[in-house]
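Heads up, the thing below is written out as structure tokens.
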Amino acid sequence: MTLVAQAGPSSSILTEISRCKAAQNVVIAMARSTDAYKLKETPPRFSSLSCNSSKTPQILSSESLSVGMKRGRRVVVAASPPTEDAVIATEPLTKEDLIGYLASGCKPKENWRIGTEHEKFGFEIGTLRPMKYEQIAELLHGIAERFDWDRIMEGDNIIGLQQGKQSISLEPGGQFELSGAPVETLHQTCAEVNSHLYQVKAVAEEMGIGFLGIGFQPKWGLKDIPVMPKGRYDIMRNYMPKVGSLGLDMMFRTCTVQVNLDFISEADMIRKFRAGLALQPIATALFANSPFTEGKPNGYLSLRSHIWTDTDNNRAGMLPFVFNDTFGFEQYVDYALDVPMYFVYRKKKYIDCTGMSFRDFLAGKLPCIPGELPTLNDWENHLTTIFPEVRLKRYLEMRGADGGPWRRLCALPAFWVGLLYDEDSLQSVLDMTADWTSEERQMLRNKVPKTGLKTPFRDGLLRHVAEEVLKLAKDGLERRGFKEVGFLNAVSDVVSTGVTPAEKLLELYHGKWERSIDPVFEELLY
Numbered sequence: 008m009t010l011v012a013q014a015g016p017s018s019s020i021l022t023e024i025s026r027c028k029a030a031q032n033v034v035i036a037m038a039r040s041t042d043a044y045k046l047k048e049t050p051p052r053f054s055s056l057s058c059n060s061s062k063t064p065q066i067l068s069s070e071s072l073s074v075g076m077k078r079g080r081r082v083v084v085a086a087s088p089p090t091e092d093a094v095i096a097t098e099p100l101t102k103e104d105l106i107g108y109l110a111s112g113c114k115p116k117e118n119w120r121i122g123t124e125h126e127k128f129g130f131e132i133g134t135l136r137p138m139k140y141e142q143i144a145e146l147l148h149g150i151a152e153r154f155d156w157d158r159i160m161e162g163d164n165i166i167g168l169q170q171g172k173q174s175i176s177l178e179p180g181g182q183f184e185l186s187g188a189p190v191e192t193l194h195q196t197c198a199e200v201n202s203h204l205y206q207v208k209a210v211a212e213e214m215g216i217g218f219l220g221i222g223f224q225p226k227w228g229l230k231d232i233p234v235m236p237k238g239r240y241d242i243m244r245n246y247m248p249k250v251g252s253l254g255l256d257m258m259f260r261t262c263t264v265q266v267n268l269d270f271i272s273e274a275d276m277i278r279k280f281r282a283g284l285a286l287q288p289i290a291t292a293l294f295a296n297s298p299f300t301e302g303k304p305n306g307y308l309s310l311r312s313h314i315w316t317d318t319d320n321n322r323a324g325m326l327p328f329v330f331n332d333t334f335g336f337e338q339y340v341d342y343a344l345d346v347p348m349y350f351v352y353r354k355k356k357y358i359d360c361t362g363m364s365f366r367d368f369l370a371g372k373l374p375c376i377p378g379e380l381p382t383l384n385d386w387e388n389h390l391t392t393i394f395p396e397v398r399l400k401r402y403l404e405m406r407g408a409d410g411g412p413w414r415r416l417c418a419l420p421a422f423w424v425g426l427l428y429d430e431d432s433l434q435s436v437l438d439m440t441a442d443w444t445s446e447e448r449q450m451l452r453n454k455v456p457k458t459g460l461k462t463p464f465r466d467g468l469l470r471h472v473a474e475e476v477l478k479l480a481k482d483g484l485e486r487r488g489f490k491e492v493g494f495l496n497a498v499s500d501v502v503s504t505g506v507t508p509a510e511k512l513l514e515l516y517h518g519k520w521e522r523s524i525d526p527v528f529e530e531l532l533y
């Protein structure tokens with residue numbers, strides 16, 4: 008596939024990438040937009056070329072990939088992937104191009120990075136009500152002015168900020184998300200989180216705004232949540248009730264923390280994908296932090312996790328096919344091609360393509376824009392609308408944890424880095440879970456949101472498995488040699504006692520708080 012870059016609102020990079028799948032070296036040319044974009048998502052991280060490639064990439068770019076003036080002058084950073092005016096496919100995309108795009112994420116171990124994202128609820132300290140968009144806009148402008156961030160605009164509305172490889176974005180209900188830069192160590196990750204929280208608080212406290220670290224909005228109903236002025240969210244909001252009963256709750260009332268990790272090859276991706284899926288319910292239990300709905304206990308320890316079981320099962324879940332012998336980049340592409348689309352972005356507008364097929368798009372037969380063919384930007388966009396417990400893009404995303412207080416924002420990446428970035432620990436996880444059946448993995452996925460570490464598993468409890476897994480994570484971090492083991496202290500207590508963060512909140516609710524939900528806003532205030 009040949010892509011021609013034209014003058015337009017976005018710069019693009021013409022890069023040769025090679026597929027890192029064993030015994031193949033299919034070279035494709037792709038255009039990579041520098042624009043950040045988001046759909047209940049973080050903007051994608053830029054990955055290096057395939058580590059198996061002997062090709063030297065050619066990079067053609069403009070003098071400056073982002074142009075603007077700061078300090079009092081608005082810097083407009085594209086909020087979406089509006090590259091359709093800048094990138095034209097002169098030949099139709101093929102399935103091999105789509106496979107090659109995923110494979111281009113392969114990178115040598117010395118280039119592996121850690122990318123952490125977290126979401127939080129903003130609220131008025133005086134009323135505990137969710138922040139309105141007008142308050143959010145004032146906060147974003149304040150952070151941009153005081154701490155030198157570029158503003159991200161959609162039309163006349165500010166909807167995020169960008170600074171280097173970090174970005175701040177808004178979820179559908181105004182949840183405030185930091186998508187961190189790819190960093191080398193957990194010390195850098197935690198420093199980044201601390202710096203972000205300092206900047207947010209410096210502006211927010213002057214406005215009478217606080218931020219809450221929890222997995223589900225504990226007090227307010229859907230009718231009380233503001234809707235952010237982002238075109239894609241209108242499409243999602245209309246579509247969600249057609250495919251599940253809890254999709255709007257997912258959009259407007261949940262917060263998560265996740266980590267994005269690299270792989271060296273297709274085989275390495277497969278091993279990490281399987282380990283991540285098998286152990287995702289343990290992460291859900293360790294970080295369970297969403298036991299309240301509209302002021303009362305909801306019967307779950309992680310309602311956020313449960314919500315994903317009835318949001319849209321065409322695009323969520325435990326992906327049992329990842330454990331098939333034939334699994335690889337191609338099989339994930341086949342899966343993604345069959346996930347119904349949400350939209351296509353053209354001429355600075357979102358076109359509703361809900362329920363339509365990317366396979367039809369490849370053939371130029373998409374009913375919403377007949378005759379048009381997709382670019383790799385459209386494919387990249389489509390991949391962000393898939394929401395399994397572990398997701399593959401050009402890196403792997405671990406997506407099973409509730410949002411929480413700052414120490415747990417550092418502990419979540421520490422947990423997965425210790426397990427997946429150390430070869431001995433990764434192999435131990437794969438050996439431990441090798442005979443777990445698909446039914447057992449799904450059982451854990453279904454039951455953990457309610458019973459946490461007390462979930463029965465084989466001859467014991469999930470807590471007993473978690474003890475072994477936590478030791479593997481600690482050992483893995485120890486072998487990395489960066490003195491990062493201390494970041495797991497926040498979950499060590501959870502494992503040793505078997506009591507999840509949610510159960511501690513419930514104990515406070517029934518005791519010290521005298522069945523009032525309001526104290527949670529102070530307990531989990533950043």
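For the sequence shown, my numbering assigns the number 8 to the initial residue and increments by one for each residue that follows. Where is the CB? At the ideal position from N, CA and C, for every residue including glycine. As the structure is a computational prediction, the values presented were derived from the model and not from experiment.
task: Give the secondary structure of Ala370 by DSSP, where H, G and I count as helix, E and B as strand, and everything else as coil.
output: coil
field: Buried or exposed by the 16-neighbour rule on C-beta atoms within 10 Å, applied to Lys114
entry: buried
- request: Check whether the Cβ atoms of Gly112 and Tyr402 lie closer than 9 angstroms to each other.
  value: yes
field: Within 9 angstroms, strictly: CB atoms of Val502 and Glu485
entry: no
field: Where the alpha helix (DSSP H) containing Ala343 begins and where it ends
entry: Phe336 to Asp345
Same chain, Cβ closer than 6 angstroms to Leu293, five either side skipped, listed in chain order: Val498 and Val501
task: Starting from Val502, trace the beta strand (DSSP E) both ways and give me its first and last residue.
output: From DSSP, Val502 is part of no beta strand (DSSP E) but of the alpha helix (DSSP H) over Asn496 to Thr504.
Beta-carbon proximity check, Asp256 vs Leu219, cutoff 9 angstroms: no
- request: Can you tell me which of Gly122, Arg353, Ala282 and Trp386 puts its alpha carbon nearest to the alpha carbon of Arg366?
  value: Trp386
field: For Thr123, the first and last residue of its enclosing beta strand (DSSP E)
entry: Ile121 to Glu131
query: According to DSSP, is Leu2 helix, strand or coil?
result: Given a span of 8 to 533 for the chain in the structure shown, any question on residue 2 remains unanswerable.
field: Sequence-distant residues of its chain with Cβ nearer than 6 angstroms to Trp520 (five each side left out)
entry: Pro526
query: Is Leu268 closer than 9 angstroms to Gly122 when the C-beta atoms are compared?
result: yes
query: What is the DSSP secondary structure of Ala290, reduced to helix, strand or coil?
result: helix
- prompt: Taking C-beta to C-beta, are Phe330 and Arg281 nearer than 9 angstroms?
  reply: yes
- request: Below 8 angstroms CB to CB, which residues in the same chain sit around Ala188 once its five sequence neighbours on both sides are set aside?
  value: Gly122, Gly171, Lys172, Gln173 and Glu199
- prompt: Among all the DSSP beta bridges, which residues are the ones paired with Gly3?
  reply: Missing from the structure shown is residue 3; the chain here goes from 8 to 533 and no further.
- prompt: beta strand (DSSP E) containing Val455: first to last residue?
  reply: Premise fails: Val455 lies in the alpha helix (DSSP H), Ser445 to Thr458, not in any beta strand (DSSP E).
message: Looking only at its chain, what residues have a beta carbon closer than 8 angstroms to the beta carbon of Gln206, apart from the 5 residues adjacent to it on each side?
response: Ile150, Arg153 and Phe154
- prompt: Leaving out five residues before and five after Leu515 in sequence, what residues of the same chain have Cβ atoms less than 6 angstroms from its Cβ?
  reply: none
field: Candidates Thr263, Asn453 and Glu213: closest to Gly133 by CA position
entry: Glu213
task: Please report how far the alpha carbon of Glu301 lies from the alpha carbon of Asp409, in whole angstroms.
output: 18 angstroms
- request: Please state if the CB of Leu369 and the CB of Pro381 are separated by a distance shorter than 9 angstroms.
  value: yes
message: Could you check whether Val346 and Glu124 sit closer than 9 angstroms to each other, using their CB atoms as the reference points?
response: no
- request: Confirm, please, whether the CB-CB distance from Asn296 to Thr507 is below 9 angstroms.
  value: yes
- prompt: Is there contact here, the segment 414-431 with the segment 318-328, by at least three beta-carbon pairs under 8 angstroms?
  reply: no
query: Residues in its own chain within less than 8 angstroms of Lys461 by CB, not counting five upstream and five downstream?
result: Leu468, Leu469, Arg470 and Gly505
field: Which listed residue (Lys208, Leu147, Leu286 and Met243) has its alpha carbon closest to that of Ile393
entry: Met243
- prompt: Got a sec? Which residues, its chain only, sit under 6 angstroms from Leu451 by beta carbon, not counting five neighbours each side?
  reply: Pro288
- request: On a CA-only basis, which of Ile216, Glu184, Asn164 and Leu416 is nearest Gly540? Give me that one, please.
  value: Only positions 8 to 533 of the chain appear in the structure, and residue 540 is not among them; the question remains open.
task: Classify Ala323 as helix, strand or coil using the three-state DSSP reduction.
output: strand
message: My parser needs the alpha helix (DSSP H) runs of 4 or more residues fully inside the segment 259-318; what are they?
response: 273-293 and 310-314
- request: Determine the burial state of Arg158: buried for a count of at least 16 other Cβ atoms within 10 Å of its Cβ, exposed for fewer.
  value: buried
- request: Could you tell me the distance, in whole angstroms, from the CA atom of Ile216 to the CA atom of Met138?
  value: 8 angstroms
field: DSSP beta-bridge partners of Leu485
entry: Just to set this straight, residue 485 is Glu in the shown sequence, not Leu. Answer is none; Glu485 lacks a bridge partner.
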